[in-house]
Amino acid sequence: MAMDTGYEALIALNAAYARCIDEDQLEAWPDFFLEDCLYKITTAENYRQGMQAGLVYADSRGMLQDRVTALREANIYERQRYRHILSVPTILAQEARGTVSETPFLVARIVRRGETTLFVTGKYIDVVAPDVSGQARFVERVVVCDSSSIDTLLAIPL
Amino acid sequence: MAMDTGYEALIALNAAYARCIDEDQLEAWPDFFLEDCLYKITTAENYRQGMQAGLVYADSRGMLQDRVTALREANIYERQRYRHILSVPTILAQEARGTVSETPFLVARIVRRGETTLFVTGKYIDVVAPDVSGQARFVERVVVCDSSSIDTLLAIPL
Amino acid sequence: MAMDTGYEALIALNAAYARCIDEDQLEAWPDFFLEDCLYKITTAENYRQGMQAGLVYADSRGMLQDRVTALREANIYERQRYRHILSVPTILAQEARGTVSETPFLVARIVRRGETTLFVTGKYIDVVAPDVSGQARFVERVVVCDSSSIDTLLAIPL
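Protein chains in written order, with this note's numbering: chain A, 1 to 158; chain R, 1001 to 1158; chain Z, 2001 to 2158.
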């Protein structure tokens, strides 16, 4: 049984995760997950209907690493920046597999010399547990986007 | 005299409150307040001028429940989603009636298959105290919206 | 050697700083810094290229006070409001001069009776240490704006 992950540790984990993406340190992103994990990006509509398919689906850290490799090779032309703004989390349950929580997020997209726009909002539904070294990691991170018109060519992890 | 509500408890209360609204669990929303309470939505301009009238005014938990009933019966046609993103709170004072704090917020509006827009920003001015069971609750929550052009047909609590 | 500034103290300092600006209490803003300090606003592009020049540069509390005086005398015509929404911080290092951290931010601009727009996003790169009274203060606050098209006539501190 996983130890409880405290509120402050949860906030700090969320912050470090978002920083990793916004700093374009994608190669370090899979390390926020346990080896056996679930990472999924879906929409609120699909999530409510219980649809398993998402925009992105990975059930191991290796699949996350593959995704980073693919993103690097895709070699996105127009440079964009993203900025995650995280709201504060709510702890929903302590389960055997870890601490279940939700955290709302907003991501702004900044186009080079262009306008800053509200790209996407949503919530993370997470299960967090310590890894062997005691570091808090994601057992599960399901990213539920509020809008159904989120770009399927999503160039970054959320 | 109310006990002090700690910083972490305040953050968690804010998070749970926003989640309740964004998850459309409006029937549970009045429970975040004490029986005798003040809930008001106003604008920064009105607030500065000391005007008591707001866009929304309730001074008991019963009035909040009535408001939820009215919102449900209004049966809003076009389905919209809202997403609260909360900034971190500042504790301003410890008073006999509770802990006084301010928390900035941003609410995004997501129209079905449409664009995500910045709906409203503002700050909560709160007095928080424990209820009989020791749970932190709002004695007062005054919602001060930054813009004066906030829609008076506001379909959700803020 | 400065004492470590804890995570909660860092969150509270950020919140109080943003509140000072959004409440238009600019005269109190320099007090968030130590006497010898660095405050700079720059862009992500300039920051990456190691360019020292920024949109704003001050290396003492006195320079910050001068800036406030200049802003007050500029007597900006059209009244605007700003709202800082802060994400949660990441502590990066404990150095001799203080605690190094990063905090993402978003600022919305609210024009009187007009629209609310996403004004700027970015991150604070901070060094925080206690002043003689033990109060956490900024030794350094470097404001890195994501967009390169941030208005050089920036009317407020960020």
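The beta-carbon is built from N, C-alpha and C at its ideal position, and this holds for glycine as well. What you are looking at is a predicted structure, and each value in this text was computed from that prediction instead of being measured.
Check R:G1062 in the structure and name its three-state DSSP category.
Walking along the second sequence from the start, residue 1062 of chain R turns up at place 62. In the structure shown, R:G1062 sits in a helix (DSSP, three-state: H, G or I).
For A:V68, which of helix, strand or coil comes out of DSSP?
As a working mapping, residue 68 of chain A is identified with position 68 in the first sequence. If DSSP states are grouped into helix, strand and coil, A:V68 belongs with the helices.
Taking R:L1086 as the query, report the chain A residues whose CB atoms sit under 9 Å from its CB, ordered along the chain.
Counting from 1 along the second sequence, the entry for residue 1086 of chain R is found at position 86. Residues of chain A whose Cβ lies closer than 9 Å to the Cβ of R:L1086 are, in chain order, S87, V88 and P104.
Specify the secondary structure class of A:A155 as computed by DSSP and reduced to three states.
The sequence position of residue 155 of chain A within the first sequence is 155, counting from 1. Coil, per DSSP.
What residues from chain R crowd round A:D146, counting only those whose CB sits closer than 9 Å?
The residue you call residue 146 of chain A lines up with position 146 of the first sequence. Under the 9 Å cutoff, chain R gives D1022, R1081, Y1082, R1083, A1108, I1110 and T1116.
Could you check what DSSP says for A:L164 in three-state terms: helix, strand or coil?
Only positions 1 to 158 of chain A appear in this structure, which leaves residue 164 of chain A out of reach.
Below-8 Å beta-carbon distance, R:A1053 vs any chain A residue
Taking the first residue of the second sequence as 1, we reach residue 1053 of chain R at position 53. False, the Cβ-Cβ gap to chain A never drops below 8 Å.
Looking at R:V1128: is its Cβ nearer than 8 Å to the Cβ of R:L1038?
Position 128 of the second sequence, counted from the start, is the residue given in the question as residue 1128 of chain R. Position 38 of the second sequence, counted from the start, is the residue given in the question as residue 1038 of chain R. No.
Assigned exposure category for Z:E2027 - 16 Cβ within 10 Å defines buried
Locating residue 2027 of chain Z in the third sequence gives position 27, counting from the first residue. Exposed, by the Cβ-count rule.
Out of Z:H2084, Z:P2130, Z:S2133 and Z:G2098, state which residue places its alpha-carbon closest to the alpha-carbon of Z:I2021.
The residue labelled residue 2021 of chain Z in the question sits at position 21 within the third sequence. Measuring C-alpha to C-alpha distances from Z:I2021 to each of Z:H2084, Z:P2130, Z:S2133 and Z:G2098 identifies Z:H2084 as the nearest.
Assigned exposure category for Z:A2096 - 16 Cβ within 10 Å defines buried
Taking the third sequence and counting its residues from 1, the one referred to as residue 2096 of chain Z is at position 96. Z:A2096 comes out exposed.
DSSP has R:E1163 in a bridge; who is on the other side?
The structure shown does not extend to residue 1163 of chain R, since chain R is modelled only from 1001 to 1158, so the question has no answer here.
Short-range partners of chain R found in the region 2014-2040 of chain Z, where Cβ spacing is below 8 Å
Flagged, chain order: N2014, A2015, A2016, A2018, R2019 and D2022.
Just to confirm, are Z:T2005 and Z:A2093 a CB contact at a threshold of 8 Å?
Residue 2005 of chain Z sits at position 5 when you count from the first residue of the third sequence. Residue 2093 of chain Z sits at position 93 when you count from the first residue of the third sequence. No, the pair does not count as a contact, with Cβ atoms beyond the cut-off.
CB of Z:Y2124 within 8 Å of CB of Z:F2105, strictly
Locating residue 2124 of chain Z in the third sequence gives position 124, where the first residue counts as 1. Locating residue 2105 of chain Z in the third sequence gives position 105, where the first residue counts as 1. Their beta carbons are under 8 Å apart, which means Z:Y2124 touches Z:F2105 by this criterion.
Quick one, which of R:I1041, R:Q1052, R:V1100 and R:P1089 has its alpha-carbon nearest R:E1008's?
Taking the second sequence and counting its residues from 1, one reaches residue 1008 of chain R at position 8. Nearest to R:E1008 by alpha-carbon distance, out of R:I1041, R:Q1052, R:V1100 and R:P1089, is R:P1089.
Below 7 Å on C-beta distance, what does A:I91 contact in chain Z?
In the first sequence, counting from the first residue as 1, residue 91 of chain A sits at position 91. Those do not exist, as A:I91 stays about 15 Å from chain Z at its closest Cβ, beyond 7 Å.
Within 10 angstroms of its Cβ, does Z:R2103 collect 16 or more other Cβ (buried), or is it exposed?
Within the third sequence, numbered from 1, the residue matching residue 2103 of chain Z stands at position 103. In the sequence as presented, Arg is not what sits at residue 2103 of chain Z; that position holds Thr. With 16 or more other Cβ atoms within 10 Å, it is buried.
Whose C-beta lies closer than 8 Å to the C-beta of A:I156 among residues of the same chain, with five residues either side of it excluded?
On the first sequence, position 156 is the one that residue 156 of chain A refers to. If the five residues before and after A:I156 are omitted, its C-beta is found closer than 8 Å to the C-beta atoms of I21, L26, L71 and Y82, all from its own chain and listed in chain order.
Beta carbon proximity, Z:I2150 to chain R, threshold 8 Å
Position 150 of the third sequence, counted from the start, is the residue given in the question as residue 2150 of chain Z. No - not a single Cβ of chain R is within 8 Å of the one on Z:I2150.
Where do the N-terminal and C-terminal ends of the beta strand (DSSP E) with R:R1019 fall, by residue?
On the second sequence, position 19 is the one that residue 1019 of chain R refers to. Counting along the chain, no beta strand (DSSP E) covers R:R1019; the unbroken alpha helix (DSSP H) around it starts and ends at Y1007 to D1022.
Stretch pair the region 1031-1046 of chain R + the region 1140-1152 of chain R: three plus CB contacts closer than 8 Å:
Verdict: yes, contact present.
Is Z:V2165 close to chain A? Criterion is C-beta to C-beta, closer than 8 Å.
There is no way to answer for residue 2165 of chain Z, as the model of chain Z reaches only from 2001 to 2158.
Measuring straight from C-alpha to C-alpha, what distance separates Z:F2138 and A:Y47?
Working through the third sequence from its first residue, we reach residue 2138 of chain Z at position 138. Working through the first sequence from its first residue, we reach residue 47 of chain A at position 47. Roughly 43 Å between the two C-alpha positions.
Does DSSP put A:L106 in a helix, in a strand, or in coil?
If you number the first sequence from 1, residue 106 of chain A lands on position 106. Strand at A:L106.
Which residues, taken in chain order from the region 1044-1070 of chain R, show a beta carbon closer than 9 Å to some beta carbon of chain Z?
If the cut-off is 9 Å between Cβ atoms, the region 1044-1070 of chain R has A1044 and E1045 near chain Z.
Using 8 Å as the limit for Cβ to Cβ distance, is R:Y1007 near chain Z?
Translated into positions along the second sequence, residue 1007 of chain R becomes position 7. Yes, contact with chain Z.
Minimum C-alpha distance to Z:R2061 - residue among Z:Q2049, Z:A2053, Z:S2148 and Z:P2030
Within the third sequence, the letter at position 61 stands for residue 2061 of chain Z. Closest option to Z:R2061, Cα to Cα, is Z:P2030.
Whole-angstrom C-beta distance between A:F119 and A:R112, which should lie under 8 Å:
The residue given as residue 112 of chain A occupies position 112 in the first sequence. The residue given as residue 119 of chain A occupies position 119 in the first sequence. About 15 Å; that fails the 8 Å criterion.
Beta-carbon proximity list for Z:L2154, same chain, < 8 Å, skipping 5 on both sides
Position 154 of the third sequence, counted from the first residue, corresponds to residue 2154 of chain Z. Correct list, in chain order: I2041, L2055 and V2056.
Quick one: list the residues of chain Z neighbouring A:I11, beta-carbon separation under 7 Å, in chain order.
Locating residue 11 of chain A in the first sequence gives position 11, counting from the first residue. Within 7 Å Cβ-Cβ: V2088.
For the candidate residues A:G98, A:S87, A:A44 and A:F32, whose alpha-carbon lies nearest to that of R:A1016?
As a working mapping, residue 1016 of chain R is identified with position 16 in the second sequence. Of the residues A:G98, A:S87, A:A44 and A:F32, the one whose Cα lies closest to the Cα of R:A1016 is A:S87.
Quick check: what's the CA-CA separation for A:S101 versus Z:E2035?
Within the first sequence, residue 101 of chain A is the residue found at index 101, counting from 1. Within the third sequence, residue 2035 of chain Z is the residue found at index 35, counting from 1. Using only the alpha carbons, I get a separation of about 41 Å.
Whole-angstrom distance between R:G1050 and A:G50, CA atom to CA atom:
Taking the first residue of the first sequence as position 1, residue 50 of chain A is located at position 50. Taking the first residue of the second sequence as position 1, residue 1050 of chain R is located at position 50. Roughly 49 Å separates the two Cα atoms.
Can you give the Cα-Cα distance for Z:V2132 and R:A1074, rounded to whole angstroms?
As a position in the third sequence, residue 2132 of chain Z is number 132, starting the count at 1. As a position in the second sequence, residue 1074 of chain R is number 74, starting the count at 1. Roughly 58 Å separates the two Cα atoms.
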